Structure formats: C-alpha cells, structure tokens
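A.B. asks: In case it helps, the working numbering puts the sequence shown at residues 237 to 524.
C-beta: ideal position from N, C-alpha, C; glycine also.
Note that the structure is a prediction, hence the values are computed from the model and not measured.
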Amino acid sequence: MKGVNSTRLILLQPSSNHKQGGNGVNTSISISVSHHHRIWLIGLLSFITFASLLTLLSTTTARDPSDLPSASSSTAAVASARSASYGKPSPLPAPVFDALVNYAASSNSTGKMREEDLRAVAGVLRRRAPCNLLVFGIGHETPLWRALNHGGRTVFLDENEYYCRPVQNLLFSDCRLAINDLPNQLYDVAWDVILVDGPKGHAPAAPGRMSAIFTAAVMARSRGRGHTDVLVHDHDREAERVCSAEFLCPENLVAATPHLAHFLIRAGPADEFCSNRTSTAGDAIATS
Numbered sequence: 237m238k239g240v241n242s243t244r245l246i247l248l249q250p251s252s253n254h255k256q257g258g259n260g261v262n263t264s265i266s267i268s269v270s271h272h273h274r275i276w277l278i279g280l281l282s283f284i285t286f287a288s289l290l291t292l293l294s295t296t297t298a299r300d301p302s303d304l305p306s307a308s309s310s311t312a313a314v315a316s317a318r319s320a321s322y323g324k325p326s327p328l329p330a331p332v333f334d335a336l337v338n339y340a341a342s343s344n345s346t347g348k349m350r351e352e353d354l355r356a357v358a359g360v361l362r363r364r365a366p367c368n369l370l371v372f373g374i375g376h377e378t379p380l381w382r383a384l385n386h387g388g389r390t391v392f393l394d395e396n397e398y399y400c401r402p403v404q405n406l407l408f409s410d411c412r413l414a415i416n417d418l419p420n421q422l423y424d425v426a427w428d429v430i431l432v433d434g435p436k437g438h439a440p441a442a443p444g445r446m447s448a449i450f451t452a453a454v455m456a457r458s459r460g461r462g463h464t465d466v467l468v469h470d471h472d473r474e475a476e477r478v479c480s481a482e483f484l485c486p487e488n489l490v491a492a493t494p495h496l497a498h499f500l501i502r503a504g505p506a507d508e509f510c511s512n513r514t515s516t517a518g519d520a521i522a523t524s
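Okay, here's the thing in structure tokens:
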C-alpha cells in the first residue's frame, strides 16, 4: 500500500509562450507557400499569353493576302444575299400542289365546286402562280386558292359584310354594274388571274355576278401589258352567260367546262369591250 500511496501523477502542459510561437511559425510558412504559388501562377499565365500572341502573329504573316476578303467581294456577297432574299418567291412544290388539289377534289363537303371545274382553275394557277389573284366570292375552296398561290398576292371579295368589309369607299362610277366601294389599292394592281365565283346567284333574291363580271373585265383591260386569265364559275346560268358574252367576249374564250368559262383578256380599246360585237345591248345595260 505504501508503494501505491507514494505514486505521483505528473501533468505536462505546454506553456502559452510555446503556443504563440508555434502559431507564428505555421502562419509564416503558409504565407510563404501561398506567395510562392502566386508567383508560379503569374509566370504560367504570362507564358501562355506570350505563346498565344506569337502563334497568332506567325499565322497572320504566313497567310496569303489574296485569301483575305476584299471590299468588292464583301459588297458582292451582300448584294447577292439581298437579291436572294428579295427575289421572286418560288411556287408551291408540284407534289404538294397535286396533293392539295386531290384532297379538295375528293372532299364530300356540300356546296363545293365540281371536280372538273376545280381542276380547271388549279391548272391556270399552276401556270401563273405565284401571281396576283383576285377572287370574287368566298366558299369551300377559299383556303385552296390561297394555298395554291403560295408566295403570291391573293385577295377575296364577297358581298357578305361579315366576311369582307370594305376598307373605304373611294371610287365611283356612273355605271350601275360597277363595284365602286372596293379599296383603292385593288384598282392599281395588275391582276394575273381573276376568278368570279360570287356573289351568289342561285335564288331570285341573290344579286348574281353581273357586277363582278363587269368589274373583272374592266380590271383585266386596265392592266396594260400582258394578259389576265378570267374564270367565270356557273357560266351555264343565263345571267352569267349573257354578261360574260357582253363584257368578256366570245372571241376571248379559250377553254370551258359545262359550268366554268375561261377567258384570256388583253388590253383593248377604251370605248368597247368586244371587237366583233353586233349589238348594243352592253351600252343599253351600262346607261340604263
């Protein structure tokens, strides 16, 4: 027991001076290492920058001056790009054109145009599109005509004010058959194709297409150079047939189906519509 009681426990504690001294040494070592790394990093970045500049200068010096774009070539490229962007729009691809016509012809919708008439109109648009297309009447084929004239200007006119409202009343005529409340811009366009498929004329209360046929004849003859294809649908009805003969003239008839007439109208005399007309019925209608 005496040996146990005589045992001494000795605790060793570092002095405060030694702690402070150790921290100071560690801090100085870390600062020196960090400063050393910064010097190496700056040197490495400087070397990379110098090597990049040297490579760029050597490449520019070795390049053939003829390969550099000149001012004239740049101008030509810009002009070419502008001409490509402002050039004549391309027509609808033939497979797409044929598919649209076939789908429209095979439709079972009531009130649609007969297949032979639809294909006759599509044949004219195939030759002329993209073109300036004016259509009197809005119906089942309206989206088709617009699609077939892809890239061209297509305008639809109808007597229903909820379909087409006139922008303004500008032009006036003494002739009762003239349509004088159309937007002024329509009279200044050289129309390539005019389709008369309205207004409706199948009932006594319907206005018929006398005004549309007369207006189409005047617009076609007012374009100056070239010709206008005028197509009159429901040409088998008496009013449409008589007005077509009076203002579009039989000598201008180039094709027909039982219900559609195709006239080719060129600029003509300002005092008469038909060159070989034997009656003055047209004058009587215009002045009545």
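Compare the C-alpha of H469 against each of G444, I284, W276, S345 and name the closest.
C.D. replies: Considering only alpha carbons, the answer is G444.
A.B. asks: Helix, strand or coil for L489? Go by DSSP, reduced to three states.
C.D. replies: If DSSP states are grouped into helix, strand and coil, L489 belongs with the strands.
A.B. asks: So, with DSSP's three-state summary, where would you put N338?
C.D. replies: N338: helix per DSSP, three-state reduction.
A.B. asks: Could you check if D424 is buried or exposed, using at least 16 other CB atoms within 10 Å of its CB as the buried criterion?
C.D. replies: Exposed, because fewer than 16 other Cβ atoms sit within 10 Å of the Cβ of D424.
A.B. asks: Quick one: what's got a C-beta closer than 6 Å to C510's C-beta in the same chain, skipping five residues either side?
C.D. replies: Hits under 6 Å: C485.
A.B. asks: Using a threshold of 8 Å, state whether the C-beta atoms of E352 and T493 are closer than that.
C.D. replies: Contact: yes.
A.B. asks: Which whole-angstrom value is the C-beta distance of I501 and A453, which I expect to be below 8 Å?
C.D. replies: The Cβ separation is near 7 Å, so the contact holds.
A.B. asks: List the residues that DSSP assigns as beta-bridge partners of F372.
C.D. replies: In DSSP, F372 forms a bridge with L393, V432.
A.B. asks: Helix, strand or coil for D472 per DSSP?
C.D. replies: DSSP places D472 in coil when its eight states are reduced to three.
A.B. asks: Looking at C-alpha atoms only, which residue of V478, S480, L467 is the closest neighbour of G359?
C.D. replies: When each option's Cα is compared against that of G359, the closest is L467.
A.B. asks: Over the uninterrupted beta strand (DSSP E) stretch that includes L500, give me the two end residues.
C.D. replies: Run containing L500: 496-502, per the beta strand (DSSP E) assignment.
A.B. asks: Between the Cα of G434 and those of L422, R459, L328, T451, spot the shortest distance and give me the residue it belongs to.
C.D. replies: Here the closest residue by C-alpha is T451.
A.B. asks: Name the DSSP beta bridge partners of V550, please?
C.D. replies: Absent from the model: residue 550. The displayed extent of the chain is 237 to 524, so no value can be given.
A.B. asks: In three-state terms, what does DSSP make of V466?
C.D. replies: In this structure, V466 counts as strand in the three-state DSSP scheme.
A.B. asks: By the DSSP assignment, the alpha helix (DSSP H) with T378 in it spans what residues?
C.D. replies: Its alpha helix (DSSP H) spans residues 378-384.
A.B. asks: Reducing DSSP to helix, strand and coil, say where C602 ends up.
C.D. replies: Nothing about residue 602 can be read from this structure; the chain reaches only from 237 to 524.
A.B. asks: From the DSSP output, in three-state form, read off S343 for me.
C.D. replies: Reduced to three states, the DSSP call for S343 is coil.
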